[in-house]
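**Student:** Shown below is the structure under consideration.
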Amino acid sequence: MEIAKRTALVTGGASGLGAAAVRRIVKADGNVAIFDVQQEKGNALASELGQSVLFCLTDVTSEESVNKSIAGAREHFGGIHFCVNAAGTGWVERTVSKSGPHSLPVFEQILRLNLLGTFNVASKAAFAMSANEPNDKGERGVIVNVSSTAAFDGQIGQAAYAASKGAVVGMTLPMARDLAGLGIRVVTIAPGLFNTPLLAMLPEEAIKALNNSVPFPKRIGEPDEFALLVEQIFLNPYLNGEVIRLDGALRMAPK
Ligand SMILES: NC(=O)c1ccc[n+]([C@@H]2O[C@H](COP(=O)([O-])OP(=O)(O)OC[C@H]3O[C@@H](n4cnc5c(N)ncnc54)[C@H](O)[C@@H]3O)[C@@H](O)[C@H]2O)c1
């Protein structure tokens, strides 16, 4: 589906991978509604990029918040054609540590943001897309979910994170099948290691070691390389119901 003059909503669009997707969509002459809890960063990006970007303060885990922001974005831009679910976070805690078993409230919180938040936005965005006139290929919209290679090679301490990202992988095909009749495609990206604020907090030595751990190219990924794949998924009408690893052939070790 061509991007120009169409509208995307990007969760987590104030930072990292989401922000890179926002920039690329705007470069392709599309509109973007940023759904994020970081008001200052989201507004700064929106004012930098101009009229084609609207910041909508949104908590992806809340139905009320997502409904309100989708209504606002539709009213502002006239419809929603693309959805990128990049809001999410990580967590490191072993199933059992010296202080006892894994905190269940924390496990639930990670699932709530990474899994429920993704489905909450994807399902409501798909409902909004169902009102679009199909293009000449019968497409009404495209949804890109963000998992992680941790869905397949979860490391020590990643039980909660890997469970949340594995579930995003698991729902990709059934969602694509559910939405096929509406002409809406669903594709999931499973990124490896990317240079976002999340990773930039690590000491230089740790970043060097991460760079060396990737077979080729021998470095962590740049957010725009993630955004490039988002753009390619939007454009390619035959990509559907698939999970794409984007990791330079990296397979994570146990730790
Ligand atoms: N950076 C990596 O190496 C990497 C690797 C694999 C997967 N991922 C996944 O990619 C996604 C983006 O990661 P990133 O590195 O860009 O992180 P980031 O921290 O730079 O961006 C995440 C964004 O999500 C927003 N967010 C958090 N909770 C929210 C909520 N409840 N509602 C709305 N927005 C919320 C944050 O405010 C932030 O702007 C995450 O799902 C992450 O798990 C990242």
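Using our numbering, read the sequence shown as starting at 3 and increasing by one per residue.
Ideal Cβ positions, reconstructed from N, Cα and C, are used throughout, including at glycine.
Note that the structure is a prediction, hence the values are computed from the model and not measured.
In whole angstroms, what is the alpha-carbon distance linking threonine 91 and aspartate 226?
**Tutor:** 19 Å
**Student:** Can you name, in chain order, every residue of its own chain whose Cβ lies under 6 Å from the Cβ of alanine 178, other than the five neighbours on each side?
**Tutor:** Val188, Asn242 and Gly243
**Student:** Candidates Leu115, Ala162, Leu106 and Ala48: which alpha carbon is nearest valine 68's?
**Tutor:** Leu115
**Student:** Report the rounded CA-to-CA distance for methionine 3 versus valine 146, giving the unit in angstroms.
**Tutor:** Roughly 13 Å separates the two Cα atoms.
**Student:** What would DSSP say about threonine 151, mapped onto helix, strand or coil?
**Tutor:** helix
**Student:** Here's a check: name, in chain order, each residue in its chain whose Cβ is nearer than 8 Å to the Cβ of glycine 74, leaving out the five neighbours to either side.
**Tutor:** Ala35, Leu56 and Cys58
**Student:** Taking only runs that begin and end inside the segment 3 to 84, name each unbroken alpha helix (DSSP H) of 4 or more residues, in chain order.
**Tutor:** 18 to 29, 41 to 51 and 65 to 79
**Student:** Just verifying my parser: in three-state terms, what is the DSSP assignment at arginine 179?
**Tutor:** helix
**Student:** Buried or exposed for glycine 14, going by 16 or more other Cβ atoms inside 10 Å?
**Tutor:** Label assigned to glycine 14: buried.
**Student:** Return the chain-ordered list of same chain residues with a C-beta closer than 7 Å to the C-beta of isoleucine 222, the five sequence neighbours on each side being excluded.
**Tutor:** Once the five neighbours on either side are set aside, the close Cβ partners of isoleucine 222 are Leu195, Phe196, Asn197, Leu201, Leu212, Asn213 and Val216.
**Student:** Could you give the first and the last residue of the continuous beta strand (DSSP E) run that contains proline 117?
**Tutor:** A small correction: the amino acid at residue 117 is leucine; proline does not occupy that position in the sequence shown. Where leucine 117 is concerned, there is no enclosing beta strand (DSSP E), given that its DSSP letter is neither H nor E.
**Student:** Taking 7 Å as the cut-off, is the beta-carbon of glycine 92 closer than that to any non-hydrogen atom of ligand 1?
**Tutor:** yes
**Student:** Once you ignore the five residues that flank proline 219 on each side, which residues in its own chain have a CB closer than 6 Å to its CB?
**Tutor:** Only Gly250 meet the Cβ criterion.
**Student:** Does the Cβ of serine 150 have 16 or more other Cβ atoms within 10 Å, making it buried, or fewer, making it exposed?
**Tutor:** Taking all protein chains shown into account, serine 150 has 16 or more neighbouring C-beta atoms within 10 Å of its C-beta and is therefore buried.
**Student:** Indicate whether glycine 156 and alanine 164 have their beta-carbon atoms separated by less than 8 Å.
**Tutor:** Yes.
**Student:** Contact defined as beta carbons within less than 8 Å: I believe arginine 26 pairs with alanine 229. What is the distance between those atoms, to the nearest angstrom?
**Tutor:** Yes, arginine 26 and alanine 229 are in contact; Cβ-Cβ is about 4 Å, under 8 Å.
**Student:** Give the straight-line distance between the Cα atoms of serine 54 and glycine 32, rounded to the nearest whole angstrom.
**Tutor:** 7 Å
**Student:** Does at least one heavy atom of ligand 1 sit under 7 Å from the Cβ of proline 193?
**Tutor:** Yes, since a heavy atom of ligand 1 falls inside the 7 Å radius drawn around the Cβ of proline 193.
**Student:** On the criterion of 16 or more Cβ atoms from any shown chain inside 10 Å, does asparagine 87 qualify as buried, or is it exposed?
**Tutor:** buried
**Student:** Quick check on the DSSP output: the alpha helix (DSSP H) that includes glutamate 135 runs from which residue to which?
**Tutor:** From DSSP, glutamate 135 is part of no alpha helix (DSSP H); its letter is neither H nor E.
**Student:** So the candidates are Gln160, Gly18, Arg76 and Pro107; which of them puts its Cα closest to the Cα of methionine 254?
**Tutor:** Nearest option by C-alpha distance: Gln160.
**Student:** Histidine 78 and glycine 143: beta carbons closer than 8 Å?
**Tutor:** no
**Student:** Within this structure, are the beta carbons of alanine 127 and leucine 11 separated by less than 8 Å?
**Tutor:** Yes, they are a contact pair.
**Student:** Whole angstroms are fine: how far does the CA of asparagine 238 sit from the CA of glutamate 135?
**Tutor:** 18 Å
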